[in-house]
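Line by line, the protein sequences are chains A and B.
Its first residue numbered 69, the first sequence is counted upward by one per residue in the numbering used here.
Its first residue numbered 47, the second sequence is counted upward by one per residue in the numbering used here.
A virtual CB, placed ideally from N, CA and C, is assigned to each residue, including glycine.
As structure tokens, the structure follows; a few thoughts come after it.
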Amino acid sequence: MTGFALSQRQALLLLLLVTGVAVGLLEGFGSGYLRTLAALSLINVLLAVSLTMTNGFTGLFSLGHPAFMTIGAYVAVIFTYPAGRKSFAMPDLPEIFGSIEWPLPLAALIGALAAGLAGRLIGLTVLRLRTHYLAVATLGLIIVVQTLALNLDGFTRGGRGLTGIPRDATLPLIAVCTVVVIVLCWRLKHASIGRAMMAVRENEMAARCFGIDAFRLKLFAFTLGAAIAGFGGALLPHVVSVMSPKSFGLIMAFNLIAIIVVGGQGSIIGAIVAALAISLGSEALRPLEETLGLYGMTQVAVAAALIVVLLWRPKGLFGLDEPGVRTE
Amino acid sequence: MSDYVIQQVINGLSLGSLYALVAIGFSLIYGVVRLVNFAHGDLMMIGSFITLGLVASGYTPWVVVPLVVMFGGFLAGGMIERVAFRSIRGAPMITGFIVTLSVSVALQNLGLMVLGPQPRNFSFPALFRERISLGTADIAIIDLTIPAAAIVLALVLTLFIRRTRLGIAMRAVSENMLAARLMGISLDRIVFLAFGLGGALAAIAGLFWGGKFGQIDPLMGLVPGLKAFVATIIGGVGSVGGALLGGYVLGFAEIAFVGFLPPEYSGYRDAFVFALLILILLVRPQGLLGRDEEERA
């Protein structure tokens, strides 16, 4: 981008202003449908930004986000589920948890902590793998977590899923969380640790020669990504009020990858733009899908769009750049 | 050996053969273009739906069905290569992987669009559904047909790769792409062939999968495809023998897990397979028969 560019402070103010006005308008005048759509799109932004941090900055290729989302969601739901229904829905739950009904932000943080812990333990082993071997191992992780969720039906009600989860995730809460994640990842990218991550992405050997502990950085990026994914995953069932083991699966992994590849792996603005475009775009196609009766069409369109972008611009829309913002 | 053990061994053999058939394709394609073709499992789905169409139409004699299915799989595999993968050949590995992932998602959802999400019953000629007694054990004929077919196909393929000009050209490309091209080998043709052969084997595996489990749906290729990839890694990527070995090791391991542990664990079989994958990748990333020639871990 030549010429006009915002400073980082101006960009932050713009982000706050746009999000604030949009949320204010939707809260004031929007229908329930629009508010839910905005909430889901914002959660997609949050997830995509965290994935572009894990995969884009450090050059990992993890598809494991949905696995950590599932962990975060089930752990959080344990703390928010109506106490009166727990003995029925989660019979295996230890008694101490039986009467707990905590506010969502606290529960989601616990979910994020659990997912981050799982991410750290899993990262210690799978991060020794590279490229598509890591991709397949993390895909396998999704299936492992889904299988566990399906079989631990004393906590999850198995394939029947949990219903009646309180709809505590309001639009303002989600907006605040999303902005916090964006700012966090932005600061990370432009701090020394982010520079070190990108050095690992570009040339791991050279980065290690400069004394960068590549494995530790990857582990950090993977763990933080897992924790944020767990947080996002914890918010989602509190928007739609249901959760099942198959809620977050391969399609979710694929859509998140599509978003960050289209936006440019490592570009935060790219991830935001692409997440909004894909969330709103596929919602716009849905009525068409329903009138034509061609379910699955949207997903085919996303897949085709991804292939076209890769052929046309292999580095995505923005590459590593943050267009319109001076980052020097 | 007790009857139960014999039955489980036959089960492992037949499941392993299915994994092996799909794994051979993974290996062939990886050998030629160094691409993990994520969409490979979905060719199984295509194969099983071609079978369903042929059987439902009722005109095709059932002896011809496998040949038509394999030909269809060959064309489908080759077409996918031509349409989606040719233009990204030589791109970074991750780009290639993302494109194969997109093709897989597109194929599954095209399947949902065209065929609908309901699983369909799949019936084979009565001959294959019968059971025979082997000693005192009771075995389904299909569970004997599958290993026999897999072994024959693997032998034919090995002969093709070892003896024919095209097979030799294929090995040359896999050894050194540049040198092979300098010898006048058409890369496009060889890559098409590798995808086609892989597609044919996956399609026939789809036919057998339907026959063994009795139901098919547009998403059926996903988990078996991933597991066949696990089998490829267990055996060592890049050789037919490795793919066969990996397929059987995984088939037996999975059946042993389900058949010899208390039944409350059997729900965890998929978790077990992928935990095994992570273990293998960490302990012996080149696989049982693989050469340690490149960076994987």
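Rounded Cβ spacing between residue i and residue j (contact assumed at less than 8 angstroms)
i	j	result
Gly58 (chain B)	Phe318 (chain B)	Contact flag wrong, Cβ pair sits at about 14 angstroms.
Phe386 (chain A)	Gly317 (chain A)	So it is not a contact: roughly 28 angstroms between Cβ atoms.
Ser146 (chain B)	Leu81 (chain B)	The sequence shown places Thr at residue 146 (chain B), not Ser. With 8 angstroms as the limit, Thr146 (chain B) and Leu81 (chain B) qualify as a contact, their Cβ atoms being about 7 angstroms apart.
Gly191 (chain A)	Phe290 (chain A)	4 angstroms
Thr87 (chain A)	Val247 (chain A)	6 angstroms
Assigned secondary structure, residue i (DSSP; H/G/I helix, E/B strand, else coil)
i	result
Ser60 (chain B)	helix
Val393 (chain A)	strand
Asp236 (chain A)	coil
Asp281 (chain A)	coil
Arg228 (chain A)	helix
Ser179 (chain B)	strand
Met311 (chain A)	strand
Gln332 (chain B)	coil
Ile168 (chain A)	coil
Ile231 (chain B)	coil
Ala85 (chain B)	coil
Glu341 (chain B)	Confidence is the limiting factor: at Glu341 (chain B) the pLDDT is only 47, short of 50, which leaves the residue's position unreliable and the question unanswerable from this model.
Ala275 (chain A)	helix
Leu265 (chain B)	coil
Leu105 (chain A)	helix
Leu207 (chain A)	helix
Leu327 (chain B)	helix
Ala73 (chain A)	coil
Ala186 (chain B)	strand
Residue i versus residue j: straight-line alpha-carbon distance, rounded
i	j	result
His133 (chain A)	Ala130 (chain B)	26 angstroms
Ala343 (chain B)	Leu328 (chain B)	With a pLDDT of only 43 at Ala343 (chain B), under the threshold of 50, the placement of this residue in the model should not be trusted, and no figure is reported.
Arg225 (chain A)	Leu218 (chain A)	8 angstroms
Gln367 (chain A)	Ile262 (chain B)	21 angstroms
Gly99 (chain B)	Ala203 (chain A)	35 angstroms
Cys245 (chain A)	Leu172 (chain A)	12 angstroms
Ile139 (chain A)	Thr215 (chain A)	12 angstroms
Glu95 (chain A)	Ser130 (chain A)	36 angstroms
Met69 (chain A)	Gly332 (chain A)	Low per-residue confidence applies at Met69 (chain A): pLDDT is 46, beneath 50, and the placement is therefore not dependable enough to give any value.
Gly92 (chain A)	Ala267 (chain A)	40 angstroms
Phe206 (chain B)	Thr193 (chain A)	40 angstroms
Thr97 (chain B)	Asn167 (chain B)	12 angstroms
Ala274 (chain B)	Gly87 (chain B)	8 angstroms
Val219 (chain B)	Phe143 (chain B)	20 angstroms
Thr231 (chain A)	Ala151 (chain A)	14 angstroms
Leu212 (chain B)	Ala122 (chain B)	20 angstroms
Val109 (chain B)	Leu89 (chain B)	21 angstroms
Thr182 (chain B)	Ile56 (chain B)	14 angstroms
Ser60 (chain B)	Ile211 (chain A)	23 angstroms
Val114 (chain B)	Leu201 (chain B)	20 angstroms
Ala225 (chain B)	Ser232 (chain B)	12 angstroms
Ala289 (chain B)	Leu334 (chain B)	10 angstroms
Ala282 (chain A)	Leu374 (chain A)	30 angstroms
Ser312 (chain B)	Ser150 (chain B)	28 angstroms
Phe306 (chain B)	Leu189 (chain A)	29 angstroms
Ser148 (chain B)	Ile126 (chain B)	12 angstroms
Ser179 (chain B)	Ile185 (chain B)	6 angstroms
For residue i, the nearest candidate out of the options (CA to CA)
i	options	result
Gly334 (chain A)	A:Val377, A:Arg263, A:Ile375	A:Arg263
Phe95 (chain B)	B:Gln332, B:Ala251, B:Gly288	B:Ala251
Ile111 (chain A)	A:Leu197, A:Pro240, A:Val86	A:Pro240
Val286 (chain B)	B:Ala122, B:Gly71, B:Ala321	B:Gly71
Gly344 (chain B)	B:Pro264, B:Ala246, B:Leu290	Not covered by the structure: residue 344 (chain B). The range shown for chain B is 47 to 343.
Gly222 (chain A)	A:Ile242, A:Ser155, A:Pro234	A:Ser155
Leu115 (chain A)	A:Leu356, A:Pro313, A:Leu362, A:Ala294	A:Ala294
Asp189 (chain B)	B:Pro331, B:Leu64, B:Leu322	B:Leu64
Gln54 (chain B)	B:Glu310, B:Leu224, B:Phe303, B:Asp316	B:Phe303
Ile214 (chain B)	B:Leu201, B:Val111, B:Ile236, B:Met125	B:Ile236
Leu287 (chain A)	A:Phe72, A:Arg196, A:Thr87, A:Ala107	A:Arg196
Ala183 (chain A)	A:Gly208, A:Asp236, A:Leu304, A:Phe136	A:Phe136
Thr199 (chain A)	B:Ile140, B:Arg209, B:Val151, B:Pro165	B:Ile140
Leu153 (chain B)	A:Arg255, A:Ala90, A:Gly364, A:Gly208	A:Gly364
Heavy atom of the ligand FMN within 7 angstroms of residue i beta-carbon
i	result
Gly93 (chain B)	As presented, the structure is devoid of all ligands, the ligand FMN included, so that no description of it is given.
Beta carbon proximity, residue i to chain D, threshold 8 angstroms
i	result
Phe316 (chain A)	The structure shown has no chain D; the protein chains it does contain are A and B.
> Can at least three beta-carbon pairs, one atom from the stretch 175–193 of chain B and one from the stretch 92–108 of chain B, be found at a separation below 8 angstroms?
Replying inline: no
> Is there contact between the stretch 139–153 of chain A and the stretch 377–386 of chain A, where contact requires at least three CB pairs shorter than 8 angstroms?
Replying inline: no
>> I'd like to know if the stretch 111–129 of chain A and the stretch 152–171 of chain A are in contact, where contact means that at least 3 CB-CB pairs between them fall below 8 angstroms.
In response: no
> Using 8 angstroms as the threshold, is the stretch 296–310 of chain B in touch with the stretch 180–200 of chain B, meaning 3 or more CB pairs across them?
Replying inline: no
>> Measuring CB atoms only, is the stretch 271–283 of chain B touching the stretch 62–71 of chain B, in the sense that at least three cross pairs come out at less than 8 angstroms?
In response: yes
> Contact between the stretch 262–274 of chain B and the stretch 152–159 of chain B: three or more CB pairs below 8 angstroms?
Replying inline: yes
> Should the stretch 299–314 of chain A be regarded as contacting the stretch 168–183 of chain A, the criterion being three or more beta carbon pairs within less than 8 angstroms?
Replying inline: yes
> So does the stretch 317–329 of chain A actually touch the stretch 343–361 of chain A, counting three or more Cβ pairs closer than 8 angstroms?
Replying inline: yes
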